[in-house]
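Protein chains in written order, with the working numbering: chain S, 1 to 275; chain R, 1001 to 1225.
Glycine included, each C-beta is placed from N, C-alpha and C at the ideal position.
Written below as structure tokens is the structure these notes are about.
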Amino acid sequence: MAEPNHARRFTILWVVASLIATPLVIVLLGPILPPGNGSAQASGHVTDNTVLLAMATPVLLLVVIYLIYAVTFFRQPKGGILEGPAVRGNQRIQTVWIVVTSILVLSLAVYGTVRLEEDGAGSGGGPSPVVVPHGKKLQVQVIAQQWEFTYRFPEYGGVEVPHLELPVNEMVEMHVTSLDVIHSFWAYQLGVKADANPDVDNVVFVKPTKEETFEVRCAELCGIWHGSMFDHGHVVSREAFDTWIAEQQTKFAAATKSLPPYSHTYLPEPTRRAE
Amino acid sequence: MSPLGKKVIGIGAGVAVVGVLIALYVASWATSFPRSVAAAGSSTTTGVSTQLTLQTVAAVGAKYSPEHPDWVSYLVQSHGKWIHSTDYRVPANSVVHVTVLQYDGDSGLRNPFLSEVQGTVGGTETVDGKTINAINPEEASHTFAVPELGILVPLPGVEEEAKNQCEFAPCTLAEAHRTISFTIHTHKKGRYHWQCFVPCAAGFLTGGGGPMQTLGYMDGFLDVV
């Protein structure tokens, strides 16, 4: 019996499987990919994860289908002691492989750079972020210390609070810093993760798009109670936020009097007992 | 047995012994918790209340901690004796009166926000008979904070010039100290961590190592049972 054209048969199998699986991945898996749609940045992450998954699906199918095809059709016959032919390489396949994978990786690099420059993608951009969203932004300082995050609102008398609330559909400019060691501010549902380093101002932008409760964690191993640096924050309406921040100003009036003038960083003082 | 076989067995046995020793050390370290000490309970006409009496010292002393005699630490009183432990047991849904005899000097708070009393009954503490809702952050020596319960009590330090300062625990009432008291209301059962927010670990980087990172000194648990 004549040997079938394996290359053509395999290619057809792969193309058909990819044409079926890729749209299914986009439609069925895309909407449930992390971190959800709690903010414009989080929605951006979902889009990016969907693009990555859609591009990876044909590559995964290529490998898996080839493996199954090879095991099925290139199996050594029972009792056979045939040695396979020595393969010395195939310049055409190698060239195609290098060109295609290079195009894929470079395309993702360009895509990622463009997306990152749109709004910072919820990650820290350092003290001078390359891209700053236009329009009014609510200033919030995130202060990390062993082992609690606190938040300061310079536009509201510099009041500092132990829990975070943010107004919905407003751009927030977060200034993340630390008073002692390296921490990382991670608000999962908002798609925000930014390093908190002592004496460094790490700016991150986020625009919450729905009223919800979000988790706040430290994502940098920072000492014995690192696992306890966990809290819940809330995205609320502008009216609810105004009421809440006014309450906080009253509640923490005594502490506010003791605070230093608002600054993007604070030297880790005092160090009277430190080395 | 060939020389090579003996060599292999010898090396294997040596590696096994070292492995077991390392495992025992890690297991011992990972399971070493401070002894749990129950607060003293009493019934009154207004219900059950509990008294928790603590002491903070600049140096715990060799009697309580031969390994780290110069580490800053908390101690707890049980049946009239001072015990080196930071695991305190208090009843759920009850009123707990806490008294801290503070023998350490001030270090200052890194975040002045933590100088305001939070989560106590009335939002206050009493320092040497005076009821206040915040202290001068520069004068903070330690805090008794249970973040999960929203409790934060800053503890002012003994003045630097004070006479008759305590060197090592246990300190006595005859030595210079501040008496701080406050009341908390416990709710549901749980094991909540408490900690000090003041960078008070002398000789450690940024004052945050050693006793600040070790159960039994400036960290512990509040077991609400």
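Proximity to residue i [Cα-Cα], best of the options
{"i": "Tyr188/S", "options": "Gly223/S, Gln249/S, Ser123/S and Val161/S", "result": "Ser123/S"}
{"i": "Leu52/S", "options": "Leu164/S, Asn202/S, Thr22/S and Pro208/S", "result": "Thr22/S"}
{"i": "Ala54/S", "options": "His163/S, Pro31/S and Ser178/S", "result": "Pro31/S"}
{"i": "Glu3/S", "options": "Ala40/S, Phe73/S and Leu104/S", "result": "Phe73/S"}
{"i": "Ala1040/R", "options": "Gly1108/R, Tyr1088/R and Lys1188/R", "result": "Tyr1088/R"}
{"i": "Phe230/S", "options": "Ala42/S, Leu221/S, Leu61/S and Val216/S", "result": "Val216/S"}
{"i": "Gly84/S", "options": "Leu61/S, Ile245/S and Arg75/S", "result": "Arg75/S"}
{"i": "Leu259/S", "options": "Glu1116/R, Gly1220/R and Trp1082/R", "result": "Glu1116/R"}
{"i": "Pro154/S", "options": "Gln141/S, Gln146/S and Leu164/S", "result": "Gln141/S"}
{"i": "Pro133/S", "options": "Thr101/S, Ser184/S, Glu170/S and Leu166/S", "result": "Glu170/S"}
{"i": "Val1121/R", "options": "Pro1137/R, His1187/R, Ala1016/R and Gln1213/R", "result": "His1187/R"}
{"i": "Gln1213/R", "options": "Glu211/S, Glu212/S and Cys222/S", "result": "Cys222/S"}
{"i": "Gly191/S", "options": "Val99/S, Ala7/S, Gly44/S and Ala17/S", "result": "Gly44/S"}
{"i": "Tyr1074/R", "options": "Glu1067/R, Ala1162/R, Pro1066/R and Tyr1103/R", "result": "Tyr1103/R"}
{"i": "Gln1165/R", "options": "Ala1059/R, Leu1109/R, Lys1063/R and Val1076/R", "result": "Ala1059/R"}
{"i": "Thr213/S", "options": "Pro167/S, Thr243/S and His226/S", "result": "Pro167/S"}
Beta-carbon neighbours of residue i, restricted to chain R and to distances below 8 Å
{"i": "Val181/S", "result": "Thr1206 and Gly1208"}
Residue i: CB within 6 Å of a non-hydrogen atom of the ligand GTP
{"i": "Ile65/S", "result": "Within the structure as shown, the ligand GTP is missing, as the structure has no ligands at all."}
Proximal chain R residues relative to residue i, where beta-carbon distance stays under 7 Å
{"i": "Thr150/S", "result": "Asn1111 and Phe1113"}
{"i": "Glu160/S", "result": "Phe1113"}
{"i": "Ile143/S", "result": "Asn1111"}
Per-residue contacts from residue i into chain S (C-beta, under 7 Å)
{"i": "Pro1069/R", "result": "Result: empty, since nearest Cβ-Cβ is about 17 Å, beyond 7 Å."}
Beta-carbon separation (whole angstroms), residue i vs residue j, contact threshold 8 Å
{"i": "Ser1141/R", "j": "Gly1129/R", "result": "Ser1141/R to Gly1129/R, Cβ: 18 Å. No contact."}
{"i": "Gln139/S", "j": "Glu173/S", "result": "5 Å"}
{"i": "Pro1170/R", "j": "Val1072/R", "result": "That belief does not hold up - the Cβ atoms of Pro1170/R and Val1072/R are roughly 14 Å apart, past 8 Å."}
{"i": "Val1090/R", "j": "Thr1050/R", "result": "5 Å"}
{"i": "Thr177/S", "j": "Ile224/S", "result": "Their Cβ separation, rounded to whole angstroms, is 22 Å, which puts Thr177/S and Ile224/S out of contact at 8 Å."}
{"i": "Arg152/S", "j": "Tyr262/S", "result": "7 Å"}
{"i": "Ala254/S", "j": "Ala1134/R", "result": "4 Å"}
{"i": "Val1096/R", "j": "Ile1184/R", "result": "5 Å"}
{"i": "Ala276/S", "j": "Trp186/S", "result": "In the structure as shown, chain S begins at 1 and stops at 275. Residue 276/S is therefore absent and cannot be evaluated."}
Neighbouring residues, chain R, relative to residue i (Cβ below 9 Å)
{"i": "Trp147/S", "result": "Pro1147, His1193, Gln1195 and Phe1197"}
{"i": "Ile224/S", "result": "His1193, Gln1195, Met1212, Gln1213, Thr1214, Leu1215 and Asp1219"}
Contacting residues, own chain, Cβ-Cβ under 7 Å from residue i (five flanking each side not counted)
{"i": "Gly120/S", "result": "Pro129, Val131, Val204 and Phe205"}
{"i": "Ala40/S", "result": "Asp119, Lys207 and Thr209"}
{"i": "Gly1208/R", "result": "Pro1199 and Ala1201"}
{"i": "Val1048/R", "result": "Gly1041, Pro1091 and Ser1094"}
{"i": "Asp201/S", "result": "Pro127, His175, Thr177, His264 and Thr265"}
{"i": "Ile26/S", "result": "Thr50 and Ala54"}
Residues of its chain near residue i, where Cβ-Cβ distance is below 6 Å and the 5 sequence neighbours each way are ignored
{"i": "Tyr1146/R", "result": "The question names Tyr, but residue 1146/R in the sequence shown is Val. Around Val1146/R: Tyr1192, Trp1194 and Leu1222."}
{"i": "Val1098/R", "result": "Leu1052 and Phe1182"}
{"i": "Gly125/S", "result": "Val203"}
{"i": "Thr256/S", "result": "Val159"}
{"i": "Lys137/S", "result": "Met171 and Glu173"}
{"i": "Arg1035/R", "result": "Ser1085"}
{"i": "Pro162/S", "result": "Thr150"}
{"i": "Asn197/S", "result": "Ser178 and Ile182"}
{"i": "Pro58/S", "result": "Ser18"}
Neighbour list for residue i in chain S, Cβ cutoff strictly below 9 Å
{"i": "Ala1134/R", "result": "Ala254, Ala255, Lys257 and Ser258"}
Listed by chain order, chain S residues near residue i by CB distance under 8 Å
{"i": "Lys1137/R", "result": "Inspection of the sequence shows that residue 1137/R is occupied by Pro rather than by Lys. Per Cβ cutoff of 8 Å: Ser258."}
Residues in the region 209-221 of chain S having any Cβ partner in chain R nearer than 7 Å: none
If you measure beta-carbon to beta-carbon, which residues of the region 58-74 of chain S are closer than 8 Å to chain R? none
Residues of the region 1077-1103 of chain R with a CB closer than 9 Å to any CB of chain S: list them in chain order, please. none
Which residues of the region 229-259 of chain S have a Cβ closer than 7 Å to any Cβ of chain R? Give them in chain order. Phe252, Ala254, Ala255, Ser258 and Leu259
Mind listing which residues of the region 1113-1131 of chain R have their C-beta closer than 9 Å to chain S's C-betas, in chain order? For the region 1113-1131 of chain R, the set of residues with a beta-carbon nearer than 9 Å to any beta-carbon of chain S comprises Phe1113, Leu1114, Ser1115, Glu1116, Val1117, Gln1118 and Gly1123, in chain order.
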